[in-house]
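Visitor: Quick note: the sequence shown uses the working numbering, first residue 19, plus one each step. My questions all concern the structure below.
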Amino acid sequence: MRLLLTLALSPLAFGFLATANALETPLILVPPGGASRTAVVVSPGHGTLGLYSVEDSLLTKQTESNFLAEVEYLEHKPFQVVKNTSYSYLRMGASPVEWAMPPSAMLLNNLIFPSELSPSQKNLKTDPPPKSLRTQAIAAEDAFWEKDHPYDGTVLGAYDGEYILLALPAKHAVIIYQQRGDGQPLNVTAFKNYGPELLLPQGINTSPAPADIFKSLPEEKRKELEKAADGMGLQLPTETPKSDLWVTCPQKNVFVLVDSANQRVMTYFITGKKIQTNVRNLKFDLMVEGYYNSKPSGTEIAKELKQKYGKALAELGYPDIDLDLMKSLVAQHQVGAGAKPGALQASIVGSRLVLDFTAEHKLLVLLLNDQNNLQLSSIRDYTVDTAVAILIEEINKHARAANSLKDIETLSKELPPATAIKELTYVLSLNPYLGKDLDKASGRLKSAFGKAEGWDKMIAD
């Protein structure tokens, strides 16, 4: 599912303001803040990138590279053979600057992908018997890499003024270049296959754990979610799944990848000698119905709504406002791509990543300022927030309809009949109950426009 984000960048060195939708991430890459005199231009159709500088009115090409050729070379260059299976440099992440936890080490880390069955797995009655998470993860990666994954023209990138990160979702590939100076060739600093990160049951270097979040919930709900979460961590996909990314650089030496298809956030901190990887599986966070480090609560909002607008809502047919009603209203009013499961909006606010899962009506905020910990700070189910806006608008519609009707009556001698019918149709869309008054024989508007084309159809509708 494509991200629906619009990301506003600061004015570029090129003198214009760039905005773009996620997964159509801008491919003119500038550092955070846009103060740099350099920019990277990525050509997805050709698999190339160029580094340019602007000083005064002079545009200068500094250097270029063919990222697609680099990735495909690493994809096919064998690093080692294990049990008749060839492991390429790209798959292993065997790059010049080491990853603190490369893909190969991640799969063999007993704390991340245990080689033994957990107690919960041992209790499963399945045929064939359950396999350890490590066995499942390696099998899923083998299934992915035994197939060809042609470049599909999708590349995403970010630039911090020194490092350029490009991601090719079709290949689960990340490649990082370093800019060493004007006119100097771009050096491939690091590369990796991020597939294992899509298989992590919970994540690495992230907090709080799902169990700690669930503790804030009522006991019955907590037990329900703990049981569901335990089950989610027992079975991995048979093949590492397809990926759909948004990429950004919130600050120097920090890159963020958001995978909307797999509900993962990955952050890469470049420290010089190594690259620190932090990953969080958001599926557990999205299971929370309610609030975590967020206020006011839905109960407080509903109470205030009833105090302020209870009488008006009762007149509209909403004498009792409860969560089920609010969920129903929100579902009825949601349209467009945002209603599709997995639809996501994202934005960087300072050192925070804000994610909006629009179909689920969930806001998640994560902190990006700790290279050793990707921290979830807040969760908010904004169903009630949206429902309040919808209900208040229902009240406002009737007021707007009455005001518009007065204006049309005042101008009835001047309005062309076709325009009057158009405006009256809009008024009735706001408050259909006004149709009975409009159609009274003694009414001024019926006298003025009752014989106009469209009047009878408007009243009937």
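For glycine and all other residues, C-beta sits at the position ideal for the given N, C-alpha and C. Please read all numbers here as calculations on a predicted model, not as lab measurements.
1. Provide the residue(s) that pair with residue 220 in DSSP beta bridges, ordered along the chain.
2. Just how far apart, CA to CA, sit residue 481 and residue 115?
3. Would you report the Cα separation of residue 423 and residue 462, rounded to the nearest angstrom?
4. Is the separation between the beta-carbon of residue 386 and that of residue 259 shorter than 8 Å?
5. Give the C-beta separation of residue 81 and residue 201 to the nearest angstrom, bearing in mind that I take them to be a contact with Cβ-Cβ under 8 Å.
6. Grab the span of the alpha helix (DSSP H) containing residue 421 for me, first residue to last.
7. Could you tell me how far apart the beta carbons of residue 190 and residue 261 are, in whole angstroms, since I believe they sit closer than 8 Å?
8. On a Cα-Cα basis, can you pick out the residue from 188, 265, 159 that is closest to residue 48?
9. Check the C-beta distance from residue 113 over to residue 208 and give it rounded, since I have them as a contact under 8 Å.
10. What do you reckon, are the CB atoms on residue 391 and residue 299 nearer than 8 Å?
11. For residue 146, collect the residues of the same chain with a Cβ closer than 7 Å to its Cβ; drop the 5 residues on either side in sequence, then sort them by chain order.
12. Tell me whether residue 96 sits in a helix, a strand or coil according to DSSP, three-state version.
13. Can you grab the Cα-Cα spacing for the pair residue 365 / residue 313, in whole Å?
14. Who are the Cβ neighbours of residue 482 in its own chain at under 6 Å, not counting the five residues just before and after it?
15. Taking buried to mean at least 16 other C-beta atoms within 10 Å of its own C-beta, is residue 50 buried or exposed?
16. Tell me the DSSP secondary structure of residue 374 in three-state form.
17. Whole angstroms is fine: what's the gap from residue 223's alpha carbon to residue 284's?
18. Please determine if the stretch 396-412 and the stretch 429-446 are in contact, where contact requires at least 3 C-beta pairs separated by less than 8 Å.
19. Whole angstroms is fine: what's the gap from residue 348's alpha carbon to residue 226's?
20. Does residue 239 have its Cβ less than 8 Å from a Cβ in chain D?
21. Mapping the DSSP letters down to three states, classify residue 302 as helix, strand or coil.
22. Around the Cβ of residue 368, are there at least 16 other Cβ atoms within 10 angstroms (buried) or fewer (exposed)?
23. If distances are taken between C-alpha atoms only, which option among 352, 379, 393 comes closest to residue 371?
24. Which residue from 362, 117, 351, 150 puts its Cα closest to that of residue 291?
25. Could you check the C-alpha separation between residue 379 and residue 395 for me, to the nearest Å?
26. Would you identify the three-state DSSP class for residue 284, choosing helix, strand or coil?
27. My output table needs one value for residue 268: the three-state DSSP class, helix, strand or coil.
28. Which value, in whole angstroms, describes the spacing of the CA atoms of residue 55 and residue 172?
29. Please name the residue in 59, 66, 95 whose C-alpha comes closest to that of residue 78.
30. Under the DSSP definition of a beta bridge, which residues are partnered with residue 79?
31. For residue 472, which residues of its own chain have a beta-carbon under 6 Å away from its beta-carbon, when the five flanking residues on both sides are left out?
32. Can you tell me whether residue 41 is buried or exposed, with buried defined as 16 or more other CB within 10 angstroms of its CB?
33. Using the Cα positions of residue 321 and residue 329, report the straight-line distance between them to the nearest angstrom.
34. So, do the stretch 241-253 and the stretch 408-428 have three or more beta carbon pairs nearer to each other than 8 Å?
35. Considering only C-alpha positions, which residue in the set 192, 233, 216 is nearest to residue 89?
36. Please state the DSSP three-state secondary structure of residue 295.
Guide: The structure says:
1. Indexing the sequence shown from 1 puts residue 220 at position 202. Paired residue(s): none; residue 220 is not in a bridge.
2. The structure shown does not extend to residue 481, since the chain is modelled only from 19 through 479, so no value can be given for it.
3. Taking the first residue of the sequence shown as position 1, residue 423 is located at position 405. Taking the first residue of the sequence shown as position 1, residue 462 is located at position 444. Straight-line Cα distance between these residues: approximately 11 Å.
4. Counting from 1 along the sequence shown, the entry for residue 386 is found at position 368. Counting from 1 along the sequence shown, the entry for residue 259 is found at position 241. Not in contact: residue 386 and residue 259 (Cβ atoms no closer than 8 Å).
5. Counting from one through the sequence shown, the residue named residue 81 turns up at place 63. Counting from one through the sequence shown, the residue named residue 201 turns up at place 183. Confirmed, Cβ separation roughly 6 Å.
6. By 1-based counting over the sequence shown, the position of residue 421 is 403. Residues 401-428.
7. By 1-based counting over the sequence shown, the position of residue 190 is 172. By 1-based counting over the sequence shown, the position of residue 261 is 243. About 6 Å separates the two Cβ atoms, so the contact holds.
8. On the sequence shown, residue 48 is found 30 positions in, with the first residue counted as 1. Measuring C-alpha to C-alpha distances from residue 48 to each of 188, 265, 159 identifies 265 as the nearest.
9. Locating residue 113 in the sequence shown gives position 95, counting from the first residue. Locating residue 208 in the sequence shown gives position 190, counting from the first residue. A Cβ-Cβ distance of about 4 Å is found for the pair residue 113 and residue 208, placing them in contact under the 8 Å criterion.
10. Within the sequence shown, the letter at position 373 stands for residue 391. Within the sequence shown, the letter at position 281 stands for residue 299. Cβ distance not < 8 Å, so residue 391 and residue 299 don't count as in contact.
11. Numbered from 1 along the sequence shown, position 128 holds the residue referred to as residue 146. So the list is empty, once near-sequence residues are dropped.
12. The sequence position of residue 96 within the sequence shown is 78, counting from 1. Residue state, collapsed to three classes: strand.
13. To locate residue 365, count along the sequence shown from 1; it is residue 347. To locate residue 313, count along the sequence shown from 1; it is residue 295. Their Cα atoms are separated by approximately 21 Å.
14. Because the chain here runs from 19 to 479, residue 482 falls outside it and cannot be looked at.
15. Position 32 of the sequence shown, counted from the start, is the residue given in the question as residue 50. Label assigned to residue 50: buried.
16. In the sequence shown, the residue the question calls residue 374 occupies position 356. In the structure shown, residue 374 sits in a strand (DSSP, three-state: E or B).
17. Position 205 of the sequence shown holds residue 223. Position 266 of the sequence shown holds residue 284. Roughly 10 Å between the two C-alpha positions.
18. Taking 8 Å as the limit for Cβ pairs, the verdict is that the stretch 429-446 does not touch the stretch 396-412.
19. Residue 348 sits at position 330 when you count from the first residue of the sequence shown. Residue 226 sits at position 208 when you count from the first residue of the sequence shown. For residue 348 and residue 226, the distance between alpha carbons rounds to 30 Å.
20. The structure shown contains no chain D; it is built from a single protein chain.
21. Reading the sequence shown from its first residue, position 284 is the one you call residue 302. Correct three-state label for residue 302: coil.
22. Walking along the sequence shown from the start, residue 368 turns up at place 350. Looking at its Cβ environment, which holds fewer than 16 other Cβ atoms inside 10 Å, residue 368 is exposed.
23. Position 353 of the sequence shown, counting from 1, holds the residue named residue 371. It is 393.
24. To locate residue 291, count along the sequence shown from 1; it is residue 273. When only C-alpha atoms are compared, the closest one is 117.
25. As a working mapping, residue 379 is identified with position 361 in the sequence shown. As a working mapping, residue 395 is identified with position 377 in the sequence shown. Computed Cα separation, rounded: 17 Å.
26. Taking the first residue of the sequence shown as position 1, residue 284 is located at position 266. Residue 284 falls in the strand class under three-state DSSP.
27. In the sequence shown, the residue the question calls residue 268 occupies position 250. Of the three classes helix, strand and coil, the one that applies to residue 268 here is strand, per DSSP.
28. As a position in the sequence shown, residue 55 is number 37, starting the count at 1. As a position in the sequence shown, residue 172 is number 154, starting the count at 1. C-alpha separation (whole angstroms): 26 Å.
29. Numbered from its first residue, the sequence shown carries residue 78 at position 60. Distance check between residue 78 and each of 59, 66, 95 places 59 closest, using alpha-carbon atoms only.
30. Translated into positions along the sequence shown, residue 79 becomes position 61. For residue 79, which the question treats as bridged, DSSP gives the partners 70.
31. In the sequence shown, the residue the question calls residue 472 occupies position 454. By the criterion of a C-beta distance shorter than 6 Å, residue 472 is surrounded in its chain by 439, once the five residues flanking it on both sides are discounted.
32. Indexing the sequence shown from 1 puts residue 41 at position 23. Low local confidence applies: a pLDDT of 38 at residue 41 is under 50, so the model's placement there is unreliable, and no value is given.
33. As a working note, residue 321 is residue 303 in the sequence shown. As a working note, residue 329 is residue 311 in the sequence shown. As the crow flies, the alpha-carbon of residue 321 is around 13 Å from that of residue 329.
34. These segments do not touch.
35. The sequence position of residue 89 within the sequence shown is 71, counting from 1. With distances taken between Cα atoms, residue 89 lies closest to 192.
36. The residue given as residue 295 occupies position 277 in the sequence shown. Residue state for residue 295 is assigned as strand, using DSSP reduced to three classes.
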